[in-house]
Structure formats: structure tokens, C-alpha cells
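For the sequence shown, position 91 matches number 96 in the working numbering, and the numbering has no gaps at all. See below for the structure under consideration.
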Amino acid sequence: MTIHPKLPSQILEAQTEAIKEENIKAENLRGTDKAFEVRPDGTRCIKNQRPEIIHETAEKVVQIRKHLQAVRDRQRSYANVRRKPLEFQIGDRVMLKVSPRKGVI
Numbered sequence: 006m007t008i009h010p011k012l013p014s015q016i017l018e019a020q021t022e023a024i025k026e027e028n029i030k031a032e033n034l035r036g037t038d039k040a041f042e043v044r045p046d047g048t049r050c051i052k053n054q055r056p057e058i059i060h061e062t063a064e065k066v067v068q069i070r071k072h073l074q075a076v077r078d079r080q081r082s083y084a085n086v087r088r089k090p091l092e093f094q095i096g097d098r099v100m101l102k103v104s105p106r107k108g109v110i
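See the structure below:
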């Protein structure tokens, strides 16, 4: 398969042409054209947004964040318990592993 140098620009041009309003067919949108209103600045916003829905969504986001934080804390405590303390004496030989990306491990 050969990729021509103009291919990315042709794809971008085709995508730009496809999203123009005169090229959009209503049957392809499946009702989403009625769900959004176009603002004067060109942005689209959902019609009939109720404050209750926004509040419920915000509450769910807070709840999900709390659950994720609990999972992180649980994993952190498990990892901390399994970590072994290392003790060395003078004269012990150890191997120092150095990674170019992470530094000393």
C-alpha cells in the first residue's frame, strides 16, 4: 500500500466537506439535529437542559471520584504492606540498576 503525500490533506478536506450543514442529511443524524441548538457564535448546545439533570450528573461524578479514590487508597495500602524494608551492612555488595528513563531503581 502506498501512501501519497497529499493523502492526509485529502482526508481532512473530505471530513471538512462532510460536516458542512448543506451536506448533512437528516436521516443520518437520527434525531441529534433536533437535540442541539446552534448558538450565534457557532457552538452547539443541548436543548431543554434541566438543572436537575445537571445536578444529578455532578453528583454521580463526585460519587465515582470517591469510589476511585477509595480503590487507589486500598491499592496503596496493599502495596505499602508488601514492601520489604532493605537493610545493608558496611561491606555488603549490592547491584545498582540504573534505567536511562527512570534513573536509579
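Cβ atoms here follow ideal geometry from the backbone N, Cα and C, with glycine treated the same way. Predicted model only: the values in this text are computed from it and were never measured.
I'd like the list of long-range same chain contacts for residue i, defined as Cβ closer than 7 Å, with 5 residues on each side in sequence excluded.
i, result
"Ile51", "Ala40 and Phe41"
"Val43", "Arg49"
Out of curiosity, what's the CA-to-CA distance linking residue i and residue j?
i, j, result
"Ile95", "Gln68", "51 Å"
"Ala23", "Pro13", "15 Å"
"Thr48", "Glu18", "21 Å"
"Val10", "Pro45", "A small correction: the amino acid at residue 10 is Pro; Val does not occupy that position in the sequence shown. Going by the C-alpha atoms only, they are around 37 Å apart."
"Lys71", "Ile58", "20 Å"
"Val91", "Gln54", "Checking the sequence shown, residue 91 turns out to be Leu, not Val. Going from the Cα of Leu91 to the Cα of Gln54 covers about 58 Å."
"Pro105", "Arg79", "31 Å"
"Gln15", "Glu27", "20 Å"
"His60", "Gln74", "21 Å"
"Tyr83", "Thr21", "51 Å"
"Val66", "Arg88", "33 Å"
"Asp97", "Thr62", "58 Å"
On the DSSP bridge list, what partners appear for residue i?
i, result
"Glu42", "Cys50"
Let me check you understand the geometry: is the CB of residue i closer than 6 Å to at least one non-hydrogen atom of the ligand ZN?
i, result
"Ile69", "Looking at this structure, you won't find the ligand ZN or any other ligand, since it has none at all."
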